[in-house]
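**Q** The structure follows.
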Amino acid sequence: MADAYTQNGELAISKAQDIYLQAEKCRLLFSTYLKMFQLPTPYRWHVLNNECRFLTWARTLGVFDHKSIRLDRRLRFSHDFKELFMLMLSVLEEGLEQTLLRHPPINTVVENDAAMFAITGAISRLERLVPMIQIHESPVAREALLIRRRIAREWGDKYAPYVSQLIQRLFPGAEPTLRAQLTLSILYRRGRLIHHLLTSDRLQYEMGTENANPGASRSQQQGITGGIFSYPPVCPDPPEPAHGESDVQCPYCLDNIIFPLWETKEEKRARWLSHLKADLQPYVCLSAECRHFLMYFSTVEEWKGHMESHDADWFQNIHSTRWSCPFCNDSSTCFLTKGDLEDHLIHDEATSHPGRACWNTLTVERSVVPKRRNRDCCPLCNEELTTDTPSERPHRLYTHIIDHLDELAWVSIYWWNVESYKRIGVSVNSTDSVDVQGGNPQHRCSGAGRSQGQCMKRKLNFETKAASQANSS
Numbered sequence: 001m002a003d004a005y006t007q008n009g010e011l012a013i014s015k016a017q018d019i020y021l022q023a024e025k026c027r028l029l030f031s032t033y034l035k036m037f038q039l040p041t042p043y044r045w046h047v048l049n050n051e052c053r054f055l056t057w058a059r060t061l062g063v064f065d066h067k068s069i070r071l072d073r074r075l076r077f078s079h080d081f082k083e084l085f086m087l088m089l090s091v092l093e094e095g096l097e098q099t100l101l102r103h104p105p106i107n108t109v110v111e112n113d114a115a116m117f118a119i120t121g122a123i124s125r126l127e128r129l130v131p132m133i134q135i136h137e138s139p140v141a142r143e144a145l146l147i148r149r150r151i152a153r154e155w156g157d158k159y160a161p162y163v164s165q166l167i168q169r170l171f172p173g174a175e176p177t178l179r180a181q182l183t184l185s186i187l188y189r190r191g192r193l194i195h196h197l198l199t200s201d202r203l204q205y206e207m208g209t210e211n212a213n214p215g216a217s218r219s220q221q222q223g224i225t226g227g228i229f230s231y232p233p234v235c236p237d238p239p240e241p242a243h244g245e246s247d248v249q250c251p252y253c254l255d256n257i258i259f260p261l262w263e264t265k266e267e268k269r270a271r272w273l274s275h276l277k278a279d280l281q282p283y284v285c286l287s288a289e290c291r292h293f294l295m296y297f298s299t300v301e302e303w304k305g306h307m308e309s310h311d312a313d314w315f316q317n318i319h320s321t322r323w324s325c326p327f328c329n330d331s332s333t334c335f336l337t338k339g340d341l342e343d344h345l346i347h348d349e350a351t352s353h354p355g356r357a358c359w360n361t362l363t364v365e366r367s368v369v370p371k372r373r374n375r376d377c378c379p380l381c382n383e384e385l386t387t388d389t390p391s392e393r394p395h396r397l398y399t400h401i402i403d404h405l406d407e408l409a410w411v412s413i414y415w416w417n418v419e420s421y422k423r424i425g426v427s428v429n430s431t432d433s434v435d436v437q438g439g440n441p442q443h444r445c446s447g448a449g450r451s452q453g454q455c456m457k458r459k460l461n462f463e464t465k466a467a468s469q470a471n472s473s
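As numbered in my numbering, residues 1 to 473 make up the sequence shown, in order.
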């Protein structure tokens, strides 16, 4: 391990080969500072506090564990993550070196010290990477990666251009980044359902049944037609059990659903809707902060709590507020989130960027470019909800957006029989319930205050040929 100082008094800046060595350098620099400066000053207290945070971070991720299980080995195939850790550790190292070489006077305001800003900021970013690594190493993350690869590989299929065109026509006034996030959320939801089908244990039985009766799938496939994409789609009716039976297979997850024989039609539909929402998770986070790892929820309550955790006024701010780089000459260099701007200042090597000592948290805070929507404006369709009393409008706006998300969730299962046959080679269910264009039109509207006439007024038809031509032009 290199010493903290070289012969000429300058701190050694060696290129560590891995996270372990880089983190070990930072641990040594923390220890060196605390031994050299033992006077109980606010500055020393901040260094000590940051050392505790650093050691907690390292212990949580196993940075100093045995080489067979430490973080370096677990990230040996994840070069992007490793690069992020190395970059943040190098920022931390630089801040500690500056603290050792040019220790500020006792009366220095800690918050305005560039070295302390670098130390605190680097550790904060390292801490923010902890849940990302935990997610990355989970089965859910591996599944998400497979689904995203499937979406990228199959973007040329006619369904994906349909969804993109649909979102553009439905929400022409929405921010382009929000439209892109909505499109991806629909494609990802569909990809997740297909992935679960392909990996389902029940699928082997279904395929065996179809192979034993090869005429069944062919006859069903011959009856499948497509070509017109209607909006709003219809919530599919519950699948019907065989006569005298109470259980039936869900066409989307292949699980059995039990409908007690004594249940009324309304009770059966409520049970089906609850099961369907658990499968589809229709309520997706709309914040730009979750655009890289989409968050889905089965219930309105969970979704609402998550959205408000981003911002109490998220209606007005999502995908509209920007963060402008204070140093780039190009005024269009704006970012969706504060974190994106900080990443730009640290990671992007622009000639106009000053050293890290020349900017701090206040610099970033002052770079916000507010662009708030009206309080009662839907961020998706830009409709102004001014018919209710002011106290009722927030609830009405939530209901309005929930209706949008419900309808977009049904789009995820459009042409489901065609899709399941194409991917799997069998038709998972022959009932009409898988056609989201069929069924009772009254099920299109789920929110209060939305009549069938209002929904039908927004109906859009997309013919296959026209959509293909529009996509190719």
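Cβ atoms here follow ideal geometry from the backbone N, Cα and C, with glycine treated the same way.
Pick helix, strand or coil for I69, following the three-state DSSP scheme.
**A** coil
**Q** Comparing C-alpha positions only, which one of C290, V411, A288, Y283 sits nearest to S298?
**A** Y283
**Q** Report back the beta-carbon spacing between P238 and P251 to the nearest angstrom; my notes put them in contact at under 8 Å.
**A** Between P251 and P238 the Cβ distance is about 11 Å, and since that is not below 8 Å, they are no contact.
**Q** Assuming T337 and V369 are in contact, meaning their beta carbons sit under 8 Å apart, how far apart are those beta carbons, in whole angstroms?
**A** The pair is not a contact, with the Cβ atoms about 12 Å apart (cut-off 8 Å).
**Q** Unbroken beta strand (DSSP E) runs of length 3 or more, entirely within the stretch 292-344: which are they?
**A** 322-324
**Q** Could you tell me which of C26, D247, W314 sits nearest to N374, measuring between CA atoms?
**A** W314
**Q** With a CB to CB cut of under 7 Å and the five nearest residues on each side skipped, what residues in its chain are close to T120?
**A** N50
**Q** Following the continuous beta strand (DSSP E) through I135, name the residue where it begins and the one where it ends.
**A** Looking at the DSSP string, I135 is not in any beta strand (DSSP E); the run it does join, the alpha helix (DSSP H), is 114-136.
**Q** What is the rounded straight-line gap between the Cα of E392 and the Cα of T177?
**A** Spanning the two alpha carbons is a distance of roughly 29 Å.
**Q** Could you give the C-beta distance for S287 and M307, rounded to a whole number, given that I count them as a contact under 8 Å?
**A** 7 Å
**Q** Is it buried or exposed for Q134, if we count other Cβ within 10 angstroms and need 16 for buried?
**A** exposed
**Q** Check whether the Cβ atoms of Y159 and R128 lie closer than 9 Å to each other.
**A** no
**Q** Tell me which residues share the same chain as D376 and place their Cβ nearer than 7 Å to its Cβ, disregarding the 5 neighbours each side in the sequence.
**A** E384, L385, T386, R393, L397
**Q** Compute the Euclidean distance between the alpha carbons of P161 and L273, then round it to the nearest angstrom.
**A** 28 Å
**Q** Thinking just about the alpha-carbon of each residue, which of V163, M116, E97 is nearest to the one in Y414?
**A** V163
**Q** Pick helix, strand or coil for D255, following the three-state DSSP scheme.
**A** coil
**Q** Whole angstroms are fine: how far does the CA of E266 sit from the CA of L254?
**A** 23 Å
**Q** State the CB to CB distance for the pair I19 and V63, rounded to an integer number of angstroms; the pair is presumed to be in contact (CB under 8 Å).
**A** 6 Å
**Q** Comparing alpha-carbon positions, which option in F54, L380, D279, L29 lies nearest H196?
**A** D279
**Q** By how many angstroms is the C-alpha of N112 removed from the C-alpha of A16?
**A** In this prediction, A16 scores a pLDDT of 48, lower than 50, which makes its location untrustworthy; no coordinate-derived value is stated.
**Q** In this structure, does DSSP put Q281 in helix, strand or coil?
**A** coil
**Q** DSSP puts V368 in a beta bridge; with which residues?
**A** W323
**Q** Once you ignore the five residues that flank Y296 on each side, which residues in its own chain have a CB closer than 6 Å to its CB?
**A** Q281, V284
**Q** Please give the ranges of any alpha helix (DSSP H) in the stretch 164-204, keeping only runs that are unbroken, at least 4 residues long and fully inside the region.
**A** 176-198
**Q** Q249 by DSSP, collapsed to three states: which one?
**A** strand
**Q** Looking at the unbroken alpha helix (DSSP H) that takes in E407, where does it start and where does it end?
**A** 393-411
**Q** Once you ignore the five residues that flank E365 on each side, which residues in its own chain have a CB closer than 6 Å to its CB?
**A** Hits under 6 Å: none found.
**Q** Measure the C-alpha to C-alpha separation of R70 and H46 and round it to an integer number of angstroms.
**A** About 28 Å.
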